[in-house]
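One rule links them: number in the numbering used here = place in the sequence shown (from 1) + 28.
Every residue gets a Cβ at the ideal spot worked out from N, C-alpha and C, and that includes glycine.
Small disclaimer: the values here were computed from a predicted structure and weren't measured.
As structure tokens, the structure follows; a few thoughts come after it.
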Amino acid sequence: MKTFFKPLRPASFFIFISLMAGILAGSISPDDKTFVFPAIFLLSVLICLSLYSYKKFAFLFFLGLVFCCGYFSIQIKLTSDLPSHHISNYLDTKKIKVTGRVVSFKKHYKKKYSMIVLAQAIETKDNTKKKVTGRIILNIYGLSKTTPEFGDYILFESSIKSIRNFMNPGAFDYKRFLKLKGIYGAAYSDPNKIKILTRTDQIGFFSKQVRKIENLRTGYYNFILIHAKDLKASQIIASLITGKKEVISQDMRDLLSKAGISHLLAISGLHLSIVSLLFFLLFYQVLSFFPRLAISGRSKKIAGVLSLFPLIGYAIFSGFSPSTQRALIMIMVLLFSFVSEREKDIISSISVAGILILALDSAALFSISFQLSFVAVVFIAGGVFLLKRHFLMQKKNMINRIGLMGCVTFFASLGTFPLTAHYFNMVSIIALVSNFIFIPIIGFIVLPLGLISLVCFSYFPLVAHFIIQLCTQILLVSIMVLNFMVCLPFSWSRVTNLQWNEIAAIYLVFILFFLGFKEHKKLLIPIFVLIFLLVAFNFSINQFQKKSNSNLTITILDVGQGNSALIQTPEGKNILVDGGGFSDISSFDTGRFIIAPFLWQKAIQSLDYVILSHPESDHLNGLIFILDNFDVQTLIKNNDQKDSEPFVTLMKICKKKNIRIWNPLTLADQLNFGTIKLIFYESSKEKFSNDFNNNSLVFKLIYNKFSMLFAGDILHHREKNLSINTEIDLYSDILLSPHHGSSTSSTKVFLDKVAPGTIIISCGWQNRYGFPSDKVLKRYKKMGMQIFRTDKDGAVFISSDGNNYSTKAHMVR
């Protein structure tokens with residue numbers, strides 16, 4: 029066996045790397061599993077043969093076998109054929125009756141709670157009953173005396189919506205994210221219309237225990253809400269103890285992210301490490317009263333084993349999310365290393381934990397928490413190794429311990445910053461300081477107190493009430509300090525997307541420094557060559573992009589039911605037109621989750637102009653995040669005012685950030701960028717009083733011989749006024765369809781005046797308004813226009829050299 033592992037040590041590390049490489053290869057490859065089984069068979073034969081003759085090659089063949097297993101495991105998740113009776117075959121139809129079993133804890137949100145249901149049968153309107161399989165998300169709006177619990181069989185009526193992405197380049201693939209979890213649809217229901225079919229005698233032992241845990245969790249969550257008094261503090265305590273991180277407001281998430289401590293509220297590696305340490309110290313203190321155990325040195329090992337039981341119980345209590353499961357496996361492996369006196373071989377322990385996690389769920393590789401946790405642990409281990417070898421004295425005095433704690437925080441932050449910059453487009457400059465302050469406060473004061481209150485709240489509610497009040501006061505002071513820290517100049521920064529080749533170069537630089545300190549000089553040159561090649565590759569890509577930016581480019585984004593477009597001029601000007609938005613901005617922020625990621629992906633951090641066509645939610649709401657998080661020079665809007673909260677917030681941001689506001693009201697108002705013009709056609713509030721749609725800013729973009737008309741949400745009255753105005757020339761190559769293709773717009777007289785060759789309709793998929801109108805679509809087709817729709821084609825890209833233009837869609841129909 030030693031000969032088998034001899035070529036590469038530690039063996040577990042190379043097995044881990046091979047498994048990850050196979051999963052990664054399988055995720056980016058098309059559906060092709062045909063070669064896997066022959067490859068596995070061939071490698072198995074080669075392993076057997078090499079064990080007899082060429083033993084040094086056996087392990088290399090074994091790594092190839094692991095690679096194939098990783099490839100196959102992710103291919104099954106992503107490309108496997110679903111059975112004909114799968115629930116995914118009944119998506120986007122009329123309402124059907126669904127019978128299924130609840131297989132998750134409830135998640136509580138502001139206006140709803142949700143759970144995962146394993147569908148088992150459906151009944152259509154014509155009373156046809158069919159057995160089905162497959163998981164869906166059930167969203168329940170409202171309150172009821174009885175709510176479904178884990179293990180319940182329920183009956184509800186709903187149309188099951190397919191999981192859809194916003195189809196823009198670089199967008200988060202939500203559909204793939206849920207597919208890897210085995211979820212294929214979403215249903216919606218009123219709690220009073222859900223029928224619970226489960227009888228008491230039908231609940232199994234396992235379900236009963238899980239329900240008890242969920243009831244305890246929900247009861248403690250409600251106890252916190254009642255006794256914490258402060259909403260923000262109650263959200264933090266609930267997330268910290270019960271794992272209900274969904275209850276934390278977006279403002280609080282932003283505050284914690286800017287300070288670099290959002291990980292403190294996730295039930296993941298750091299959190300469970302602190303919990304296990306607390307129980308370990310408790311058991312160790314108890315066992316130290318037994319002289320035999322203390323003398324033999326077994327008290328620490330027994331304490332380590334005993335601490336696993338409450339740790340597992342707490343992991344289940346906190347929701348047992350995938351990140352919690354992965355953290356639990358990692359800690360169990362590390363505790364095993366400690367008990368077996370192999371704690372010095374940290375790389376092997378981490379690798380074994382990674383192998384176990386990926387063997388159970390290959391999709392875990394693409395989880396942000398998985399990547400951050402492993403990178404943080406590796407950097408901490410490597411950094412502490414170098415400190416002990418070169419800098420830190422071996423004496424265990426208080427100064428060294430405090431210094432070590434600060435260094436651990438520094439190494440974790442250093443290791444994870446490329447990934448946080450890539451995924452979250454934010455870097456916290458004060459993360460080292462804030463972690464040094466708040467890990468002890470949150471982890472070693474609030475968390476233990478919260479656990480004590482959890483034990484007490486059922487039997488000693490007054491004691492639990494006092495503890496919750498104490499935690500609330502500590503957290504209120506902490507929030508005040510955090511607000512002060514993030515307001516300091518240069519405390520945090522938004523960053524554009526780091527590409528994977530850039531991330532690889534950064535980590536190779538870190539490895540170069542590590543090997544240099546460790547004196548592995550043989551590896552320095554090949555790593556340096558790799559870094560040089562990556563930098564050269566990145567430089568060549570940037571140069572190519574600069575040359576290709578000589579054209580005018582316009583991107584009509586898919587923001588659902590709304591409008592948003594980015595104009596990029598050859599002169600380097602960036603102009604954002606509208607921001608899309610939903611009526612309730614708290615439900616989904618198009619600016620935060622669609623437009624900003626798109627801009628960051630294009631390395632845009634500043635906008636020369638932002639144009640708000642009119643102050644309606646589907647054009648306005650997404651701009652709030654953009655103006656607050658990007659460097660915006662000028663906001664162009666019409667003269668309309670609105671007393672809605674989003675509009676008031678937008679104006680406050682303009683005032684706070686000194687953003688110039690310009691109202692183009694006459695035909696003489698236009699913007700000129702060399703060969704490009706933006707001509708605004710007058711919008712007078714006196715003509716259409718309180719009619720926000722008709723008052724939309726209408727402007728024409730002209731680049732030499734190319735032109736495009738942005739018509740906002742104007743209706744037939746405004747279209748008529750524009751059409752009969754002899755002072756303006758509406759003719760354009762491309763028209764952004766007025767009012768999302770509604771029947772109240774796109775009159776024939778207006779279309780005759782514009783005479784576009786291409787029309788783009790920005791609308792939401794299966795929107796409640798029925799946009800675009802069938803009548804209008806027929807009119808477009810009759811006039812011979814090329815039609816693009818964001819609900820079907822996704823983002824639409826336009827490029828022009830000033831003479832000719834081309835259009836293409838993100839999705840190919």
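Which residues in the same chain have their Cβ closer than 8 Å to the Cβ of Gly232, if we skip the five residues on either side of it in sequence?
Gly179
Where Asn529 sits in the DSSP three-state scheme:
helix
Please report how far the alpha carbon of Ser351 lies from the alpha carbon of Leu146, in whole angstroms.
22 Å
Boundaries of the beta strand (DSSP E) in which Thr754 is found, first to last residue:
Unbroken run through Thr754: none, as it is neither H nor E.
Express the C-alpha separation of Asn591 and Gly740 in angstroms, rounding to a whole number.
8 Å
Which word fits Asp671, buried or exposed, when buried means at least 16 other C-beta atoms lie within 10 angstroms of its C-beta?
exposed
Check whether the Cβ atoms of Leu880 and Ile622 lie closer than 8 Å to each other.
The structure shown does not extend to residue 880, since the chain is modelled only from 29 to 841, so the question has no answer here.
May I ask which residues mark the beginning and end of the alpha helix (DSSP H) holding Met18?
This structure leaves residue 18 out entirely; the chain is present only between 29 and 841.
Do you know offhand how far Ile164's Cα is from Asn511's?
39 Å
Using a threshold of 8 Å, state whether the C-beta atoms of Ile385 and Phe394 are closer than that.
no
Could you pull out every residue in the same chain whose Cβ sits closer than 6 Å to the Cβ of Ile639, ignoring the five residues on either side in sequence?
Val605, Ile664
Check whether chain B comes within 8 Å of Val412, counting only Cβ atoms and requiring the distance to be less than that.
Note that chain B does not occur in the displayed structure, where there is just one protein chain.
Nearest-angstrom Cα separation, counted from Asn525 out to Gly785:
35 Å
Can you give me the Cβ contacts of Gly54 inside the same chain, cut-off strictly under 6 Å, excluding the 5 residues immediately before and after it?
Tyr99, Ile102, Gln103
Reducing DSSP to helix, strand and coil, say where Gly822 ends up.
coil
Considering only C-alpha positions, which residue in the set Leu356, Leu71, Ile330, Asp373 is nearest to Val367?
Ile330
Enumerate in chain order the residues of its own chain whose CB-to-CB distance from Phe33 is below 7 Å, with the five nearest sequence positions on each side excluded.
For Phe33, the predicted model reports a pLDDT of 45, less than 50, meaning its position is unreliable; a value from the coordinates is still stated below. Cβ neighbours of Phe33 beyond the five flanking positions: Ala39, Phe87.
Please report the distance separating the alpha-carbon of Lys30 from that of Gly50.
Residue confidence is low: Lys30 scores 48 on pLDDT, short of 50, so the model does not pin down where it sits. No coordinate-derived value is stated.
Over what stretch of residues does the alpha helix (DSSP H) that includes Asp656 continue unbroken?
645 to 657
From the DSSP output, in three-state form, read off Glu185 for me.
strand
Within a Cβ cutoff of 7 Å, which residues of the same chain sit near Ser828, ignoring the five residues on either side of it in sequence?
Asn579, Leu580, Tyr731, Phe734
Could you give the DSSP three-state label for Ala739: helix, strand or coil?
coil
Cα-Cα separation between Asn832 and Ile762, rounded to whole angstroms:
12 Å
What's the gap between the Cα of Thr448 and the Cα of Met360?
26 Å
Assuming Phe42 contacts Leu79 under a Cβ cut-off of 8 Å, what Cβ separation, rounded to an integer in Å, is found between them?
At roughly 18 Å, the Cβ-Cβ gap does not stay under 8 Å, so Phe42 and Leu79 are not in contact.
First through last residue of the beta strand (DSSP E) which encompasses Ser72
Counting along the chain, Ser72 falls outside any beta strand (DSSP E), though it belongs to the alpha helix (DSSP H) covering 64 to 80.
For Phe720, which option in Trp690, Asn666, Phe727, Thr772 has the closest C-alpha, if you only look at C-alpha atoms?
Asn666
Nearest by alpha-carbon distance to Phe799: which of Phe778, His768, Ala823, Val782 is it?
His768
With Arg807 as the anchor, note down where its alpha helix (DSSP H) starts and where it stops.
802 to 810
On the criterion of 16 or more Cβ atoms from any shown chain inside 10 Å, does Phe65 qualify as buried, or is it exposed?
exposed
Any idea which residues DSSP pairs Trp690 with across the strands?
Ile664
Taking the beta carbon of Thr270 as the centre, do at least 16 other beta carbons fall within 10 Å, making it buried, or is it exposed?
buried
If you draw a straight line from the C-alpha of Ser316 to the C-alpha of Ser335, how long is it?
15 Å
Segment contact, 8 Å Cβ cut-off, at least three pairs: the segment 134 to 152 with the segment 190 to 205
no
Considering only residues of the segment 126 to 176, which uninterrupted beta strand (DSSP E) runs meet the minimum length of 3 residues and lie entirely inside it, listed in chain order?
140 to 151, 157 to 159, 163 to 169
Member of Ala199, Ile374, Ala287, Asn196 whose CA lies at the smallest distance from the CA of Pro517
Ala287
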